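K.L.:
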Amino acid sequence: MNISNIPEVIYILKEEDAKFRTPYVTEVSNEAGKDPFKVLMSCILSLRTKDETTREASIRLFNLADTPEKIIKLTIPEIENAVYPAGFYRTKAKTIREISSELVEKYGSKVPDEIDELLEFKGVGRKTANLVVTMGFGKPGICVDTHVHRIMNRWGFVQTKTPDETEIALRRKLDKEYWIIINDLLVCYGQNICKPISPHCSQCRLAQYCKAVGVTRKR
DNA sequence: AAAACGGGGGC
DNA sequence: GCCCCAGTTTT
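Residue numbering for the first sequence follows the numbering used here, beginning at -11 and increasing consecutively.
1. Start and end of the alpha helix (DSSP H) containing Asn141?
2. When the Cα atoms are used, what is the spatial distance from Asp23 to Thr42?
3. Just the C-alpha distance for Ile130 and Leu119, rounded to the nearest angstrom, thanks.
4. For Val121, which residues in the same chain have their Cβ closer than 6 Å to its Cβ, ignoring the five residues on either side in sequence?
5. Could you tell me whether the segment 39 to 56 touches the segment 10 to 17, using the rule of 3 or more Cβ pairs below 8 Å?
6. For Cys192, name the three-state secondary structure that DSSP assigns.
7. Which same chain residues, not among the five before or five after Val112, have their C-beta less than 7 Å away from its C-beta?
8. When the Cα atoms are used, what is the spatial distance from Glu4 to Leu52?
9. DSSP on Gly178, reduced to helix/strand/coil?
10. Which of the three DSSP states, helix, strand or coil, is assigned to Ile59?
11. If distances are taken between C-alpha atoms only, which option among Ile64, Arg193, Cys189 comes closest to Gly202?
12. Taking the continuous alpha helix (DSSP H) assigned at Cys198, which residues delimit it?
13. Go ahead and label Gly124 buried or exposed: buried means 16 or more other beta carbons lie within 10 angstroms of its beta carbon, across all protein chains shown.
14. Pick out the complete alpha helix (DSSP H) segments inside the segment 93 to 167, 4 residues or longer, and give them in chain order.
15. Terminal residues of the continuous alpha helix (DSSP H) containing Thr41?
16. For Asp101, which residues in the same chain have their Cβ closer than 6 Å to its Cβ, ignoring the five residues on either side in sequence?
17. In chain order, what residues of the same chain lie with their CB nearer than 6 Å to the CB of Asp133, ignoring the 5 residues before and after it?
18. Give the range of the alpha helix (DSSP H) segment to which Pro73 is assigned.
19. Check Arg214 in the structure and name its three-state DSSP category.
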């Protein structure tokens, strides 16, 4: 077994992962019948924000309005109040409103299903665009957040400086069938085991193959 | 008390 | 490349 044997890694992590809850945006896409708009809004709310807080803010927002048409009828303060728990509430409320009105005006209230189109919205970067495409439309995409970026580099599976570089590298090195699942697994694994600081290497079943054990920063 | 958090925009 | 967003959780 080698860390570059992704199918084997996935198998190991899946057992590890069973005790963790499904990442929230994934869950939204499931329970919402993969409503791309809800996925997109949840992505915005999840920026730099932990799972549990994203959940609360999303519920509050969708309770008020769950389509772009309904959202543009709200005032900015109403949106801010709804998404307040997620933090960065002013930026996020503004982004949510701008994207919603652009969707209504230029896209017939339909969320685009292409990464390049999604990237044109202000507030949508590669991580969000990939997540909407995969979770909202079931199309292939690799969502590289800081967890995926960090973990892939600790393993030595890639050597990259930014999440965007990591995405490019993974597109080249990883078969499409693993694109979605790797993100899903690594988020849980990254939040609970392979944490940014003081990771729980002693609990990690991949430790014997990892290049960062004992090297990783502790405080 | 300080750093970090499922990024992304502006400069 | 660097700084900002902002309230809550971790260290």
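The beta-carbon is built from N, C-alpha and C at its ideal position, and this holds for glycine as well.
None of these values were measured; they are calculated from a predicted model.
P.N.:
With the structure as the only source:
1. 134 to 143
2. 17 Å
3. 7 Å
4. Ile103, Lys127, Gly129
5. yes
6. coil
7. Leu106
8. 37 Å
9. helix
10. helix
11. Cys189
12. Taken as a continuous stretch (DSSP letters only), Cys198 belongs to no alpha helix (DSSP H), as it is neither H nor E.
13. buried
14. 103 to 106, 114 to 119, 134 to 143, 151 to 161
15. 39 to 52
16. Phe125
17. Lys115
18. Looking at the DSSP string, Pro73 is not in any alpha helix (DSSP H), and its letter there is neither H nor E.
19. As displayed, the chain neither begins before -11 nor continues past 207, which places residue 214 out of reach and without an answer.
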